[in-house]
Structure formats: C-alpha cells, structure tokens
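In UniProt numbering, the protein residues as written are 1 to 213. Virtual Cβ for every residue (Gly too), placed ideally from N, Cα, C. Keep in mind it's a predicted model, so treat the numbers as computed, not measured.
Here it is, written out as structure tokens:
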C-alpha cells in the first residue's frame with residue numbers, strides 16, 4: 001500500500017512470542033524486539049551499549065504460527081515490516097498512542113549463530129524448528145551458516161548429486177556424452193553467539209479485532 005512506512009530492525013527478542021486467536025478467528029503472534037546500538041570508546045578501548053530501542057511487533061496468520069514455533073527469548077532476529085500508529089484508552093482512563101510494527105518478513109540472524117530451515121508444505125514460506133537456532137556462548141568467531149538444509153515439496157524434479165573424485169576417462173569408440181554439472185554443495189562454519197537479557201514491555205490496549213499487548 002502506498003504511503004506506508006517500512007522499516008527493518010535487527011535485535012533480540014525480549015520474551016517468547018505470545019500466540020493468540022482474536023474474535024475473527026485469525027491468529028497473531030505478539031513479541032518485542034530490543035535493538036541496541038554499540039559504539040567504540042577510544043578511551044577505554046571497548047565497545048559500549050547505547051540506549052536500546054524496544055519495538056513491539058505482531059505477525060499474523062501462518063506467519064504467527066511459524067514465529068511461535070521457531071523463535072524464543074534472546075534470539076537475534078532480522079525483521080521487516082510496516083510501522084502503524086494506534087491509539088487506545090488505558091485502564092486509568094488516559095488516552096495513549098503507540099507505534100507498532102506489523103511484520104512482513106522475519107528470520108533468525110546468522111551472524112553469531114546457525115539455523116536449520118524446514119519448508120512448510122501447507123503454507124507459503126519457511127519456518128525453522130524450535131531449537132534449530134543455536135550457537136555457542138561468546139561473541140568471537142566468524143559468522144556464517146552451518147547445517148544441512150533441505151528442500152521438500154514441489155513437482156517436476158527427481159534426482160541427486162554424488163560428490164567424489166572423478167575417475168580416469170575410459171577409452172571409448174564413440175564420443176562420450178557430456179557429464180552433468182554438479183548443482184548442490186554444502187558448507188559449514190562455526191560461530192559464537194551471546195544474547196543479552198531484556199525486560200518486558202509495557203501493557204498495550206486494543207479493540208476486540210486486534211491483539212492486546
């Protein structure tokens with residue numbers, strides 16, 4: 001939709017996503033991402049954390065289920081979505097306005113950790129298994145992706161690739177057919193991961209057709 005404000009945020013989940021069903025029957029996952037800037041202090045020779053930004057987020061329908069099954073507290077994620085402003089009346093009678101992000105895309109950051117992705121045949125995207133996002137303690141090491149990814153579903157292809165040393169060409173009377181090019185590779189690397197702990201966000205209000213935060 002034209003005129004909407006789209007942003008990308010990178011940070012850590014402050015708590016496990018909350019999955020609920022609203023009056024219309026749609027499912028929504030609500031969670032908060034804490035994004036903390038870091039600056040280098042030349043005097044101390046160390047990196048220092050700045051003021052954290054806490055962004056309240058919501059994911060809907062199939063994505064809501066995928067988020068609830070894949071993401072947990074402390075995970076570093078990359079999310080993109082649309083900023084929305086909402087006004088509500090608090091329990092004390094005061095009127096309040098909040099900014100929220102309706103998530104269009106979200107996934108784990110692979111800078112300090114690894115993840116294994118599983119395609120959901122009944123949905124339109126990918127979702128990782130809970131526990132598939134892992135990393136060793138510490139912020140040292142090269143970031144990267146490790147693990148065996150797999151693709152399931154989709155008609156029209158059957159076959160595979162077998163790696164190994166190539167054998168010496170045999171003497172033939174007729175020209176040999178060209179060999180098929182290998183199409184699949186796999187790689188792995190190790191990386192470290194550390195997540196900070198964050199507090200929970202304030203309570204948010206809303207009507208019966210929107211998730212209450």
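- Report the three-state DSSP secondary structure of residue 69 (helix, strand or coil). Residue 69: helix per DSSP, three-state reduction.
- Starting from the C-beta of residue 9, find all residues in its chain whose C-beta is less than 6 Å away, skip the five residues before and the five after it, and write them out in chain order. Once the five neighbours on either side are set aside, the close Cβ partners of residue 9 are 33, 35, 55 and 79.
- Message: Could you tell me the alpha carbon to alpha carbon distance between residue 20 and residue 3, rounded to whole angstroms?
- Response: Rounded to whole angstroms, residue 20 to residue 3 spans 29 Å at the Cα level.
- Quick one, which of 88, 100 and 64 has its alpha-carbon nearest residue 81's? Ranking the options by Cα distance to residue 81, first place goes to 100.
- What does DSSP give as the partner residues of residue 9 in its beta bridges? DSSP output for residue 9 lists 79 as bridge partner(s).
- Message: Taking DSSP's pairing of strands, which residues face residue 108 in a bridge?
- Response: Bridge partners of residue 108: 77.
- Just mark residue 170 as buried or exposed, buried being the case when its beta carbon has 16 or more other beta carbons within 10 Å. In this prediction, residue 170 scores a pLDDT of 48, lower than 50, which makes its location untrustworthy; no coordinate-derived value is stated.
- Using 10 angstroms around the beta-carbon of residue 70, count the other beta-carbons present and answer buried if the total reaches 16, otherwise exposed. A residue is called buried when at least 16 other Cβ atoms come within 10 angstroms of its Cβ; residue 70 meets this threshold and is buried.
- Rounded straight-line distance, which links the Cα of residue 6 to that of residue 45: Each residue's Cα considered, the two are about 36 Å apart.
- Measure the beta-carbon distance from residue 58 to residue 103 and round it to whole angstroms, keeping in mind my assumption that it falls under 8 Å. Going by Cβ atoms, the distance from residue 58 to residue 103 rounds to 7 Å, so yes, they are a contact pair.
- Message: Taking the alpha-carbon of residue 86 as reference, which of 97, 18 and 74 has the nearest alpha-carbon?
- Response: Out of 97, 18 and 74, 97 has the C-alpha closest to the C-alpha of residue 86.
- Message: So residue 108 and residue 63 are supposed to be a Cβ contact under 8 Å. How far apart are they, rounded?
- Response: With a Cβ gap of about 14 Å, residue 108 and residue 63 do not count as contacting.
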